Structures are given as C-alpha cells and as structure tokens.
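A.B. asks: Take a look at this one; I'll ask things after.
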Amino acid sequence: MPQSDATTVQYGPSDPTVEVLNKAVSARLLHHPDRSFAIEVTLDLAGGAQFFARKPPVHFHTQHEYIESVQGKVGLEIEGREIVLTPADGRFDIKPYVNHRSYPIPRERQDGGLQTVKFLLSGEKTDNVSELNPLFFENWYKYQDDVVVNGKWVDLIQVFCMFDTGGTYLSLPPWVPFGQTVSITAGVVLGRWIGSGLLGYQPFYRKWTSDWELACQKMEASVFQRRFAVRDKED
C-alpha cells in the first residue's frame, strides 16, 4: 500500500482557513505530528477556471515537501516531467532542491468532470530559520490574491523576501550555469539583505497571519527581520 498522510493529519473545529481567488482556492491549516506544516487545499475548478489557466512558477525548496491527492487528479511537474496524482497513489515525496510545481488537472480531464479537487501539502520538520510553514502559505496565498484579484503589481523583492523566509526559490532555465546557486543568492541578497534589511520588506504581515505571535518568533530569529516582530503592530 502507498504511504498516506490522509489518516495522520488532525482536523479541528477551529482550523484557520485561507480563501483566495474569489474562493476558488481554500487552504485549511491542519496539524500533523511529524511535519512543520500540513495544509488541505481545495480547488473549485469551475469557479476558478480563469485563475488555473496558467500554471504557477517552477521552484524548489531546501526541505522535503509531501503532496497527496485526496479527491480528484492533481498535476505535479517534476524536473519537466508531468505526473498525475490520484487518491490511489498515496503520498508523493518531493526531495529538497528538486525543481517542481503543482497544479489542478483541468476539469475535462477529471473523471466524471469532477468540479472540486482536494490535496494535502506538508513539509518535514527542520531546525532551519527559513522553512516552509503555515505562516508562509497564509501570506503567500494572500499576496497572490492581492495581485490577481485586487490588481496590485508584482513586487519581485516582496516575492524574494517571502520565498527566502520559506526556504523556497524560483527555478531558473536549465541552461543557466549554477542556476540554483544563482537563485538562492538572489533570494538571500534581494529578499533578505536588501528587501528586509534595507527596504523594510516583511515576510509576514499581521493582516494576513492567523498566529501573529508565531510570526514574531520566526522574525525574531533573523537579524534582518527582528525589528518587524512587534506584538501590537497593525498593518
């Protein structure tokens, strides 16, 4: 039998839920005893068709990530190769530094024209200051909502700042020499040193964060971001 996290994650009546893209995407923040985070993502393929027409950018993480389809088919591109995940496949392990992206399979390719797709995302626990965690996903999803729905312009320094704090970096074309080193360097220099250190970009914002105390603790661990850890701060 394939390994599965579906019976391990813990659901609670007060789990924070982030809804973006006119509720086409809903992310429920769950607890997993062996993970740094666990999220159940629900996608409305009919209501969000215009948002899902373009795939998200290819990227990589510095920690293990896990993805599992709970309902419907989920697309996973690994180093340029597409894998279609179904609930029968169980958990798929995405190793550190593997270039990838996930996306919903279009409704016409879903069995019976399924309208709603659900999948689980989780990440390994680490001791790194920069890691994937619920705070990263809350703020990244809300930032995307600001850009896509509210028409805000994409600020690459803000993206680099958020990604670097989440141990996540954009994948460069394969023909770029030492592409991952270049990408990590750009994240650290532009997102961390210049973005947070000099220009005042935050990785987490109170208006987008359900656990501001945890966000303050995370930011206090970085010399570049600790000045943003103000408990009574309002954005």
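Under my numbering, the residues of the sequence shown are numbered 1 to 235, in order. Just so you know, even glycine gets a beta-carbon here, dropped at the ideal spot from N, CA and C. The model shown is predicted, which means the values in this text are computed figures rather than measured ones.
1. Let's test the definition: count the other Cβ atoms within 10 Å of the Cβ of P203 and tell me whether it reaches 16, buried, or not, exposed.
2. If you compare alpha carbons, which of R227, K218, S222 and D211 is closest to D15?
3. Can you find at least 3 beta carbon pairs, one from the region 22–31 and one from the region 82–95, that sit closer than 8 angstroms?
4. Looking at the secondary structure, which residues open and close the beta strand (DSSP E) in which T86 lies?
5. Suppose contacts are defined by Cβ-Cβ distances below 8 angstroms. Is H32 in contact with S122 by that definition?
6. What are the boundary residues of the alpha helix (DSSP H) that T185 is part of?
7. Secondary structure at V117, three-state DSSP: helix, strand or coil?
8. For my contact list, V182 and L172 are in at a C-beta cut-off of 8 angstroms; report their separation, rounded to the angstrom.
9. Any idea which residues DSSP pairs S36 with across the strands?
10. Check each candidate in F136, F52, G90 and T17 and name the one with the smallest Cα separation from M1.
11. Only counting the same chain, and skipping five residues up and downstream in sequence, which positions put a Cβ closer than 8 angstroms to that of A38?
12. Taking 7 angstroms as the limit between beta carbons, can you name the residues of its chain near S69, skipping five residues before and five after?
13. Per DSSP, what are the beta-bridge partners of Q10 in this structure?
14. Just to confirm, are Q63 and L132 a CB contact at a threshold of 8 angstroms?
15. Smallest Cα separation from E138: which of G12, R231, E40 and F224?
C.D. replies: The structure says:
1. Buried.
2. It is D211 whose Cα lies nearest to the Cα of D15.
3. Touching, no.
4. Counting along the chain, no beta strand (DSSP E) covers T86, and no H or E run does either.
5. Using a Cβ distance threshold of 8 angstroms, H32 and S122 count as a contacting pair.
6. It spans G179 to A186 - the alpha helix (DSSP H) in which T185 sits, taken as one unbroken run.
7. In the structure shown, the three-state DSSP call for V117 is strand.
8. Confirmed, Cβ separation roughly 6 angstroms.
9. In the DSSP output, where bridge partners are listed per residue, S36 has none listed.
10. That would be G90, whose Cα lies nearest to the Cα of M1.
11. If we look at A38 and ignore the five residues flanking it on each side, its Cβ neighbours are D5, V9, L29, L30, H31, H32, L120, L121 and S122.
12. So the qualifying residues of the chain are L85, T86, P87, D89 and F119.
13. Beta-bridge pairing links Q10 to H31.
14. For Q63 and L132, yes; Cβs fall inside 8 angstroms.
15. Nearest option by C-alpha distance: E40.
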